[in-house]
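Residue numbers (our numbering): 200 to 816. All residues carry an ideal CB built from backbone N, CA and C; glycine is no exception.
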Amino acid sequence: MKKSASSHHEPRTIRTAPPSSGNRFCTDENGLCWPHENRSRIFAKLCLSLLSLALIGVVVRVAQLQIAPSDQIVSMLDTQSSKTTLLARRGNLTDRHGRIFATTRVAYRLFVDPQMIREPNTFSEHVGYALGINPAKIDKTIHSALVKRPGNRYIVIAKRLTDKQVEQFDALMAHPPDGKLTGIAKEPILVREYPMGPLAGQLVGFTGFEGNGIEGLERKFDKIMAPQLGRISYWRDTRRKPLWVEPSQYQAPQDGTGVRLSIDAIIQSIAEQHLAQAVTQYKAESGQMVIMSPKTGEILAMANFPTFDPTQYGKTDAKLYRNRCVTDFFEPGSTFKPFIWAMATQTGAMHPGQQVDCTTSGVLRLPFGRRLRDSHAVGEVTWEEVLTKSSNIGMAIAGLEMGEDNTYAAIRQFGFGERPGTMLPGEVNGLVTPRKKWTKYTLTSVPMGQEIAVTPLQIARAFCSFANGGVLVQPSIRALDPQRPHDRIPIERLALTPDAANYTRTVLRRVVTEGTGRKANLKTYSLFGKTGTAQMASKTERGYEENAYMGAFVCGAPYDDPQLVIATFIQRPDHKLGYYGGTVAAPATAEVMEKALAYMGIQPDLIENDQQVASRQ
């Protein structure tokens, strides 16, 4: 019996899923079944991959926009972002007591956006009549700006509004004639002001259009007083209103530092008033006056005439900008004699009480052929009278006794031939003939104030040494700190021994009481000083100009405890009215000294005050 073919194969097994409600099966080509959960996992991975690709695409696009954005995008961003400069004030310039010479305040200028003006036909009339500005001028300004730059949306029609115009503008915008005035606005600006006007004009100087120092102390202290402007970048909405600020794009503004000067505005005013009177009285070309504290070196006043107003510098001759107290130098004449006289006494070349033959004729012929002359013959006099009578012959004899080396050393010892060190703009050295070029003429010229040129500040500084025991102080234009005692006498070097300085001051007192400075002799304060008269160099050719003189006077007071030193120079007075220093400069200087000491509260030392009289009764 044959078996069927089917009996050679294994029985087929049918796989069934465990009973589970809602469970579905799928079979692949190999007959394997996969559940629905596996398919969901694959789908999730696919979505994650697509999302990653999309993010990468976004990052790449963002990078592209940041590195090389299209012109269209750049233009759109520019209209939605804004950069603004934040204003900061320039530091104040004040006198030693805080009185303001120069300050910065907020003002306003007026600008228009032509595209925002709704009624161009009546716009200029409304604005012009309200602010007192010619409407035709407004139209012309707008038209000219649009011709130069079509589409201009920022046109300034008033560079600086007065306080009254600001009030008028605010009233106009609050109640516009047509219900609403558009296309115009005011914006704040910072302006430099000089409340004291022309007082100390050459010293203070002024700033330029950009706010930087151009002349004077504004220039010297520009880096100190200059402000640091701030900046801010922000995004705007479609109405051009700020949305948010980028913290990294904000820089805070910083005001400049104020500078307190050594100048006293009251003393400066006194000096300028009397200097102007002297120059005017003698119909002179110009004048300068320097007032110093011999104890500290502080400059309390530095006056020039003619002066100028820093607020009107654009209308002023640029020659008046110069502070001639430090920029111009002249032959000092007899005001230079005390320095050589003192050094001749100190070195022993000449002796107190020594007789000096200045000739009865007032003329002396020197062995090398030079002929010397005194303006008034003095004959044989003592060494002290050589100074009180201001003998050229006597000083030339002293120069020959000192010799070239000692005379040259004396010049340099008093600071001549070097800058005083204030660092004021234009400060010069003066002129001193180099030692190797000296001749016998030089040796006999310098002791009487010829063949040497000095500035008014140099003379004032050197003269301080007679008032403080021989110290050559360092001039300071900034007020010294009273809390720092070591700053009170900034010694540069000793010009003289105390004995020589004090003895010279004694003789200089006699110059005022019985010599050429008698017109400066006060009844209140004991002055000591020296007059000087020098010929002026020609402006057009070599040599001296005929009938052109400079009259000068330098002094200190009070005698026992000097508080002030004043040097005054008057250039080219009318010689018919007077030109000697004792005439044109001494009286004005004495008046300034008297008023300045009284203002400072210094009691007169020549007359008893009421309290002293009452105390003895």
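Alpha carbon of residue i to alpha carbon of residue j, nearest angstrom
| i | j | result |
| --- | --- | --- |
| G561 | T632 | 27 Å |
| G616 | E626 | 12 Å |
| Q657 | T587 | 22 Å |
| G350 | D362 | 31 Å |
| C524 | Y512 | 19 Å |
| L285 | Y307 | 15 Å |
| P505 | L519 | 7 Å |
| V390 | A678 | 26 Å |
| N411 | F368 | 30 Å |
| Y328 | V305 | 24 Å |
| R289 | G455 | 5 Å |
| C246 | K385 | 59 Å |
| A659 | A766 | 5 Å |
| S205 | R238 | Model confidence at S205 stands at a pLDDT of 44, short of 50, so the residue's coordinates are unreliable; what they give is reported in the following sentence. Taking the straight line from one Cα to the other gives about 39 Å. |
| Y724 | V791 | 12 Å |
| R360 | T293 | Here the sequence assigns Leu to residue 360, which means Arg is not the residue at that position. C-alpha separation (whole angstroms): 26 Å. |
| V645 | I651 | 6 Å |
| F405 | Q762 | 31 Å |
| K419 | Q472 | 26 Å |
| H575 | D698 | 31 Å |
| I255 | L249 | 10 Å |
| T559 | L599 | 20 Å |
| A517 | C557 | 47 Å |
| G547 | I413 | 50 Å |
| Y743 | Q770 | 14 Å |
| G496 | S675 | 6 Å |
| P319 | V311 | 11 Å |
| V259 | R348 | 40 Å |
| S737 | H774 | 16 Å |
| P313 | G378 | 18 Å |
| S589 | A751 | 13 Å |
DSSP three-state assignment for residue i, whether helix, strand or coil
| i | result |
| --- | --- |
| G731 | strand |
| T782 | helix |
| N351 | coil |
| M200 | Annotation note: pLDDT 44 at M200 (below 50); position unreliable, coordinate value reported separately. Note: M200 maps to coil in three-state DSSP. |
| G415 | helix |
| E318 | coil |
| M594 | helix |
| K379 | coil |
| I213 | Reliability fails at I213, whose pLDDT of 46 lies under 50, so the model's placement of it is uncertain and no value is given. |
| E584 | helix |
| V627 | coil |
| Y481 | coil |
| M395 | coil |
| T303 | strand |
| M372 | helix |
| G327 | helix |
| K738 | coil |
Within 8 Å, strictly: CB atoms of residue i and residue j
| i | j | result |
| --- | --- | --- |
| G429 | A733 | no |
| T534 | G648 | yes |
| A477 | A787 | yes |
| I866 | R295 | Examination of residue 866 is not possible in this model, given that the chain is present from 200 through 816 alone. |
| Y481 | V711 | no |
| P551 | F665 | no |
| M491 | V753 | no |
| A795 | T730 | no |
| P426 | A287 | yes |
| K571 | T643 | With the sequence shown as reference, residue 571 is identified as Leu, and Lys is not the correct amino acid for it. Yes; because the gap between Cβ atoms is below 8 Å, this pair is in contact. |
| W540 | A597 | yes |
| M395 | A464 | yes |
| A483 | P772 | yes |
| S485 | K282 | no |
| F300 | Y393 | yes |
| Q673 | G728 | no |
| V555 | G602 | no |
| Q487 | F768 | yes |
Interface flag, residue i vs chain C, CB-CB below 8 Å
| i | result |
| --- | --- |
| T526 | Among the chains in the structure shown there is no chain C, since it carries only a single protein chain. |
Practice problem: Taking 8 Å as the threshold, find out whether the segment 800–807 comes into contact with the segment 754–774 through three or more Cβ pairs. | Solution: Taking 8 Å as the limit for Cβ pairs, the verdict is that the segment 754–774 does touch the segment 800–807.
Exercise. Taking 8 Å as the threshold, find out whether the segment 341–351 comes into contact with the segment 393–403 through three or more Cβ pairs.
Key: no
Self-check item: Every unbroken beta strand (DSSP E) inside the segment 752–804 [3 residues or more]
Solution: Taken in chain order, the complete beta strand (DSSP E) segments of 3 residues or longer contained in the segment 752–804 are 763–770.
Quiz item: Pairing CB atoms from the segment 564–582 with CB atoms from the segment 601–619, are three or more of them under 8 Å?
Solution: Touching, no.
Quiz item: Counting only runs that start and end within the segment 662–719, where is the alpha helix (DSSP H) found for 4 or more residues in a row?
Solution: 697–713
Exercise. Count the C-beta pairs between the segment 771–782 and the segment 735–755 that are closer than 8 Å, then say yes if the count reaches three, no if not.
Key: yes
Self-check item: Entirely enclosed beta strand (DSSP E) segments - the segment 489–558, minimum 3 residues
Solution: 498–504 and 554–556
Quiz item: At what residue ranges does the segment 629–661 contain a whole run of the alpha helix (DSSP H), taking only runs of 4 or more?
Solution: The qualifying runs are 639–644.
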